[in-house]
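Going down the list, the sequences are from chains P and W. Each number in my numbering corresponds to the 1-based position in the first sequence with 7 added. Each number in my numbering corresponds to the 1-based position in the second sequence with 795 added. One structure is given here, and the rest of the page talks about it.
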Amino acid sequence: MMRKTKLPETMRCVVLIGIDFDGPSHEVGRGISPLGKQSWGRYSARCGIPRHMDMLDRHGIKATFFTPGYDAEQHPNTVQEIDRRGFEVGAHGYLHEGWDLDGDEERALLMKTDSILRELTGKAVLGWRSPSGRKSDKTLGILKSLGYIYDSSDKDYDAPYRLRFGKGTDDVIVELPNNTYSLDDFPFYKFSYTPPTEVLAQWKSEFDSIYKTDHFYCLSVHPRSGWGSGTASRTKVMSDLITYMKGHDGVHFMDYRTFAQWCLENDDKLEEMSLT
Amino acid sequence: MTNYSWPVNARSVVFVSVNFDAESFDLKETSPERLYGRFSYGRYGTRAGLPRLTALLQKHDIPATFFVPAADAKRHPNEIHALIKDGYEIAARGIDMEDFATLGDKEFQILKDSRDILSSITGHAPCGFRSPNGNLSSQTLHFLSELGFTYDATFQDADNPYVFELKKGQRLVEIPSSFALDDAPVYSARHTHARLISIWRDEFRAMHEEGMLIPLTLHLRGDFGSTRGARIAALDELLTEIKSHSDVHFMNGAAIAAHTRTLGLPGEPDPAAAHAQTLARTVFRGDLAVKPL
């Protein structure tokens, strides 16, 4: 029998803020030298991530930084600082790949970034977000074998769920779905050139709808310049949005790992969806 | 970026730069005999646009830097002389809208020639450079430094100017800009000037609040530039708001570079070096392309 995900009454809305580090890996992975106008990714470690951490600290809330392994190698101090300040470091590919990979390549890449991040933070990496939004039918099994408890890449639902990817007892992982058309900064700042105040209105409107119905708000942003939210005006949008959400009862801001852990401990409250 | 500080009394500094990009831009797509019709937007920039823009800048008493492709400077020496006479800075932008990422052996000579052509028209060597399409090679910054340039204004990776130390003692100031404050991406996507000004107002307010460099990047052209009457009027409104803050200063590129050099900032390493090995074994996939249905 299908059980729909139902969060308890006290959790009127869970808010997860995912910050995709996306430093120079994004350009270098496409064979582009990160110079001149292609240097947007250099903004992440220099300005965007420190500004996001300061803003989140002022609000006293946690978030998750999904980090490509290459960016972690280029900016090890930034990754350690993210961890030291109590934010989560999640995995996000090595060179921000398009993720059209065969099985062996995929395992090697996932293991590579996993060990880079693990070494820098001294902690197990618990979650992954696909750098391009693509996955294969092998991805989840590999992540699970590396000890990951959640994935945040799928677009097929409004609430967290248990994603069954195989027939074995353990072939299940927590899926924290995101939407890269409406709850993401990329479409507005790169694609439609939407003024920051309009983006704020959009994300507030999303919240108003989600607060009444699905109680799960999963925002994806990027700390780079150009199309990201690392700059002053756009970090202010995030801050004003957080202030708005805090004005509502029962809103819980968490990093992804904390909420995924809660999902594991309350798996009877989560819908299970099977792809086998 | 905590080490950066502006001159006394300035909370933030606006850097108005104008990418001249006249016929040189149209000539990327057509031949000199066919500079008519849709290939005359560049000519609009110098005929109709430039006088309107300089009138606006003079009304607000705002300095500016014009990045001029050398071939356009040769085509429009009178306009360049008038800009110099009015106190504007003329800086380099290659010769013919080259892609600096792919010039190879020709790159040094093109930079040198562009410098010399501008010098012969203006009477002195330019000190600033901005790549015509925003691309650079791993050699560009080194060549600029060897040719006596003191700053580059092509990167988009920082809130404030900073300094590259390419080799020991070889320092080049970087004045970064931002696509969020560049008219070309917005107008080339056919957005309204009302929308552009809403974006820029949001950007200005937040950047001024944080006290940083505010790089406004304009183009002269009639298609994706800012010089049509209604666009100038919209810009006038924004500049009026900006000027109402007494703690906003306006500086041109040369002045910002000179100020930056006085700060004794630590030099940053060659930005290409750290990626060279990885790039050598990475397949070129080109820029991210997203299109509507």
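For every residue, glycine included, the Cβ atom is placed at its ideal position computed from N, Cα and C. Here the structure is a predicted model, which is why all the values come from computation and not from measurement.
In the three-state reduction of the DSSP assignment, L1013 of chain W falls in the strand class, which pools E and B. Straight across, the Cα-Cα distance linking K130 of chain P with Y157 of chain P is about 16 angstroms. Straight across, the Cα-Cα distance linking L190 of chain P with K854 of chain W is about 42 angstroms. In this structure, the beta-carbon distance from V21 of chain P to Y224 of chain P falls below 8 angstroms.
By the Cβ criterion, the region 1020–1035 of chain W is not in contact with the region 229–244 of chain P, since fewer than three pairs of Cβ atoms, one from each stretch, lie closer than 8 angstroms.
Bridge pairing for R925 of chain W: absent [DSSP]. Interface criterion not met: the Cβ of V96 of chain P is under 8 angstroms from no Cβ in chain W.
Annotation for Q268 of chain P: the continuous alpha helix (DSSP H) segment containing it runs Y263 to E272. Only residues of its own chain outside the window of five on either side were considered, and among them F861 and I885 have a CB closer than 7 angstroms to the CB of L878 of chain W, listed in chain order.
Cβ proximity to chain P below 7 angstroms picks out S926, G929, N930, L931 and S933 from the region 916–948 of chain W. Contact check for S807 of chain W and M1046 of chain W: beta-carbon distance about 11 angstroms, past the 8 angstroms limit, so the pair fails to qualify. Bounds of the alpha helix (DSSP H) holding V35 of chain P are S32 to V35.
The beta carbon of V181 of chain P lies closer than 7 angstroms to those of I156, Y157, P167, R169, A267, C270 and L271 in the same chain, with the five residues before and after it left out. Proximity of V86 of chain P to chain W, defined by a Cβ-Cβ separation below 8 angstroms, is not satisfied. Residue state for W135 of chain P is assigned as strand, using DSSP reduced to three classes. Below 8 angstroms, too few C-beta pairs join the region 966–976 of chain W and the region 1013–1022 of chain W to call them touching: fewer than three. Taken in chain order, the members of the region 40–61 of chain P whose beta-carbon sits within less than 8 angstroms of a beta-carbon on chain W are S40, P41, L42, G43, K44, Q45, S46, W47, G48, R49, Y50, R53 and C54. When Cβ-Cβ separations below 8 angstroms define contact, L1074 of chain W makes contact with chain P.
The beta carbons of D816 of chain W and G844 of chain W sit about 11 angstroms from each other, so the pair does not count as a contact at 8 angstroms. For the set W:A896, W:F959, W:P872 and W:A866, the Cα lying nearest the Cα of G1059 of chain W is the one of W:F959. For the region 132–154 of chain P, no residue has a beta-carbon sitting nearer than 9 angstroms to a beta-carbon of chain W. For the pair H1003 of chain W and I149 of chain P, the Cα-to-Cα distance works out to about 47 angstroms. Y50 of chain P counts as buried, since at least 16 other C-beta atoms from the protein chains shown sit within 10 angstroms of its C-beta. When DSSP reads this structure, H259 of chain P sits in a beta bridge with P:V21. Between P864 of chain W and I905 of chain W, the CB-CB gap reaches or exceeds 8 angstroms.
Between the alpha carbons of T841 of chain W and L851 of chain W lies a gap of roughly 15 angstroms. Annotation for G148 of chain P: no beta strand (DSSP E) segment contains it, though the alpha helix (DSSP H) segment containing it runs T146 to S152. D27 of chain P sits in a strand when the DSSP states are folded into three classes. The DSSP-derived three-state label of S1021 of chain W is coil. Just measuring C-alpha positions, the residue of P:S139, P:C54 and P:E104 sitting nearest S227 of chain P is P:S139. Taken through DSSP and simplified to helix, strand or coil, M280 of chain P comes out as strand. Here DSSP, grouped into helix, strand and coil, assigns K962 of chain W to strand. Nearest Cα to K174 of chain P within the set P:R10, P:D165, P:E104 and P:L282: P:L282. The beta carbon of A239 of chain P falls within 8 angstroms of a beta carbon belonging to chain W, placing the residue at that interface. Nearest in C-alpha terms to K869 of chain W, of all of W:S932, W:D1042, W:R910 and W:I970, is W:R910. Shown here, S800 of chain W sits in coil according to DSSP, grouped into three states, outside any helix or strand.
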